[in-house]
Amino acid sequence: MKEGPGLKASMRRIHYSNNGHRQDTVLVVNDIPEQLWLLDSLLSKAGYEVITAGDGREAFDVAKSRRPDIVISDVSMPRVSGIEFCRLVRQDPELRSTPILLVSAHRRDTESVIEGLESGADDYLEMPFESTRLIAKVSRLLERSKLEANYRDLVEQASDIIFTQDLQGRLTGINAAGAHFLGVGPGELLGRPFADAFKMNPQNSGAKETVKQLELHDNLQFRTEDAKGRGRWLEIVTSPTKNRQGDTIGFRGVARDITDRKEIELALRDSDERYRLLFESTPQPVFVYDEETLGFLAVNQAAMQTYGYDREEFLSMTVEDLRSAEETPALLIKTPTGVDEPLISSPWRHRRKDNSIVYVEMTSHPLTFKGSKARLVIANDVSERKLLDEKQLSLHASLQQSAMEWRQTFNAIDFPVLIVDLDGHIKRLNRAAEEIAGVEAK
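Here the working numbering is used: the first residue of the sequence shown is 12, the next is one more, and so on.
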């Protein structure tokens with residue numbers, strides 16, 4: 012059952028249940044043998060692999076060597092307490108994402124539990140407790156942890172640049188694609204202002220306006236340079252990130268290299284010869300359709316490869332043939348005749364020849380093609396971004412559930428509890444404090 016900290020992380024054992032599925036490993040930390048035995052027994056019966064430690068110092072060493080999937084720790088322990096253990100884990104790059112459930116042995120230890128939550132614990136439980144409640148909390152925290160891990164993997168594997176920044180505009184995270192674009196390691200970028208990292212200096216045209224747009228979370232486009240000094244265009248979409256209490260603590264952004272698209276847009280002003288060359292050679296799907304009939308008039312090689320139709324098949328179809336029936340009316344509204352400006356439309360569900368689905372974001376430009384009013388469309392494959400958005404929504408729902416449970420637990424404390432910042436300003440108070448102060452608890 013119990014293993015000390017001598018085992019190297021690279022030699023971590025993987026345990027499997029009788030049905031062949033990998034067992035999640037739970038590290039239980041407590042200085043009281045009876046409580047260790049109780050938790051070990053409950054968790055083992057529930058199908059978890061259990062390892063133990065007698066205090067926070069030993070627990071940290073075991074966690075470094077065994078990399079548990081979750082930690083259940085007592086609050087009050089000798090040498091290193093559960094609260095200090097939380098801080099150690101959250102400061103360690105290899106362990107910081109490990110979920111931690113604090114267990115309070117005393118009902119009046121609530122003040123320490125709140126301190127533990129602020130130190131990085133994900134949830135807490137008071138003793139005595141029902142075994143079903145313990146297992147439910149462990150299961151929920153593990154599910155959320157796996158969801159977050161999947162999301163992090165998607166972010167790292169994404170071809171788009173994905174980053175996070177704090178309220179001062181400093182980078183707090185960036186994926187491999189972003190580091191590769193800038194030609195430095197991800198760690199070297201942390202703490203640098205976004206505008207500085209992406210060369211948005213005062214000499215860069217429109218830099219001040221771009222920074223302002225970024226702070227307002229608008230979709231924006233700006234010109235920069237990659238690691239090789241080549242001029243590139245980036246398009247960025249940002250959204251706020253919030254803490255457990257719902258306060259905005261920074262921003263998350265997705266940046267895509269749209270240089271090819273920009274070159275096509277600029278090429279529309281050039282000669283027909285250059286237009287045809289770029290039309291056929293661009294790696295993005297491009298097609299022209301008649302505004303009146305919606306029939307395709309021209310398609311490039313990338314469009315044929317993406318959708319699976321040859322040129323003859325494409326030219327016998329209309330734009331409606333790529334869309335689902337419910338999206339066609341929206342198409343007619345979003346592409347009105349007589350509009351002489353580029354239109355950018357939200358992601359559409361397009362169906363390939365093999366009936367698979369691809370999500371595309373389209374930029375369309377009006378033009379006259381062989382005497383007919385038409386539109387040239389550049390289709391951007393955003394399927395990967397769509398998958399990331401869905402993962403993010405699922406993760407957000409899980410975090411919302413955790414926040415709701417935290418508020419319910421906080422308000423259920425039967426004596427007044429206030430949370431104040433370093434300046435002495437009250438940030439939160441529970442329902443018991445509300446009755447005394449005469450204000451509404453959040």
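The beta carbon of each residue, even a glycine, is placed where N, CA and C say it ideally should be. Computed from a predicted model, the values in this text were never measured in an experiment.
According to DSSP, residues forming a beta bridge with residue i
| i | result |
| --- | --- |
| Glu274 | According to DSSP, which records beta bridges pairwise, Glu274 is partnered with nothing at all. |
| Asn391 | Glu372 |
| Phe426 | Paired residues: none, contrary to the question. |
| Pro358 | Its beta-bridge partners do not exist; DSSP assigns none. |
| Leu50 | According to DSSP, which records beta bridges pairwise, Leu50 is partnered with nothing at all. |
| Leu113 | Ser84, Tyr135 |
| Glu246 | Gln232, Arg267 |
| Tyr300 | Phe307, Arg386 |
| Ala188 | According to DSSP, which records beta bridges pairwise, Ala188 is partnered with nothing at all. |
| Leu38 | Ile62, Val82 |
| Lys253 | Thr259 |
| Val91 | According to DSSP, which records beta bridges pairwise, Val91 is partnered with nothing at all. |
Rounded separation between residue i and residue j - CA only
| i | j | result |
| --- | --- | --- |
| Ile344 | Ile172 | With a pLDDT of only 41 at Ile344, under 50, the local geometry of the prediction cannot be trusted, and the value read off the model is given with reservation. Roughly 32 Å separates the two Cα atoms. |
| Thr221 | Thr259 | Any reading at Thr221 must be qualified, since the residue scores a pLDDT of 48, below 50, and its modelled position is unreliable; the value itself is stated next. Rounded to the nearest angstrom, the two C-alpha atoms are 21 Å apart. |
| Arg155 | Glu324 | 46 Å |
| Arg151 | Ile424 | 22 Å |
| Arg322 | Leu305 | 16 Å |
| Phe233 | Ala206 | 11 Å |
| Glu302 | Phe209 | 39 Å |
| Ala448 | Leu404 | 37 Å |
| Glu126 | Ile94 | 7 Å |
| Ala443 | Trp359 | 51 Å |
| Arg439 | Val61 | 36 Å |
| Val166 | Lys273 | 25 Å |
| Glu4 | Leu128 | Here the chain has residues from 12 to 453 only, and residue 4 is not among them. |
| Leu50 | Glu246 | 51 Å |
| Asn454 | Leu429 | Examination of residue 454 is not possible in this model, given that the chain is present from 12 through 453 alone. |
| Thr329 | Leu308 | 9 Å |
| Lys381 | Tyr300 | 11 Å |
| Thr348 | Val310 | Note on Thr348: pLDDT 49, under 50, position unreliable in the model; no value is reported. |
| Gly261 | Ser130 | 19 Å |
| Asp134 | Leu53 | 18 Å |
| Ser84 | Leu38 | 8 Å |
| Leu106 | Leu387 | 50 Å |
| Asp434 | Glu122 | 19 Å |
Span of the alpha helix (DSSP H), counted from its first residue to its last, around residue i
| i | result |
| --- | --- |
| His407 | 394-423 |
| Asp72 | 67-77 |
| Asp207 | 205-208 |
| Ile146 | 142-168 |
| Arg322 | 322-326 |
| Leu200 | 197-200 |
Residue burial classification, residue i (beta-carbon count within 10 angstroms, cutoff 16)
| i | result |
| --- | --- |
| Pro44 | exposed |
| Thr36 | buried |
| Thr317 | buried |
| Gly217 | Because the pLDDT of Gly217 is 46, which lies under 50, any placement of that residue in the model is unreliable, and the number read from its coordinates should be weighed accordingly. That one is exposed. |
| Pro79 | buried |
| Ala341 | With a pLDDT of only 49 at Ala341, under the threshold of 50, the placement of this residue in the model should not be trusted; the figure read from the coordinates follows. Exposed is the call here. |
| Met373 | buried |
| Glu446 | exposed |
| Phe421 | buried |
| Pro213 | Because the pLDDT of Pro213 is 44, which lies under 50, any placement of that residue in the model is unreliable, and the number read from its coordinates should be weighed accordingly. Answer is exposed; the Cβ neighbour count stays below 16. |
| Met211 | buried |
| His361 | buried |
| Phe192 | buried |
| Ala188 | buried |
| Ile476 | In the structure displayed, the chain extends from 12 to 453; residue 476 sits before or after that span and is not available. |
First through last residue of the beta strand (DSSP E) which encompasses residue i
| i | result |
| --- | --- |
| Glu105 | Glu105 -> no beta strand (DSSP E), and no H or E assigned at all. |
| Lys438 | 437-440 |
| Thr175 | 172-177 |
Nearest candidate by alpha-carbon position, reference residue i, set the options
| i | options | result |
| --- | --- | --- |
| Ile368 | Ala313, Ser394, Arg243 | Ser394 |
| Asn161 | Glu126, Gly435, Leu50, Leu399 | Leu399 |
| Thr109 | Lys438, Arg90, Ala132, Ser87 | Ala132 |
| Asp392 | Leu112, Leu406, Val297, Leu289 | Val297 |
| Leu178 | Pro197, Pro251, Glu141 | Pro251 |
| Lys253 | Thr379, His407, Arg241 | His407 |
| Glu236 | Ile185, Thr270, Gln411 | Thr270 |
| Ala57 | Val86, Asp332, Leu145 | Leu145 |
| Ala74 | Leu47, Ser92, Met88, Asp103 | Asp103 |
| Cys97 | Leu113, Leu378, Ala64, Glu416 | Leu113 |
| Glu276 | His376, Lys148, Ser115, Gln419 | His376 |
| Leu136 | Val431, Trp417, Pro89, Lys397 | Trp417 |
| Ser115 | Ala64, Val40, Gly319, Met415 | Val40 |
Heavy atom of the ligand SAH within 7 Å of residue i beta-carbon
| i | result |
| --- | --- |
| Leu231 | What this structure holds is no ligand at all, so the ligand SAH is not there to describe. |
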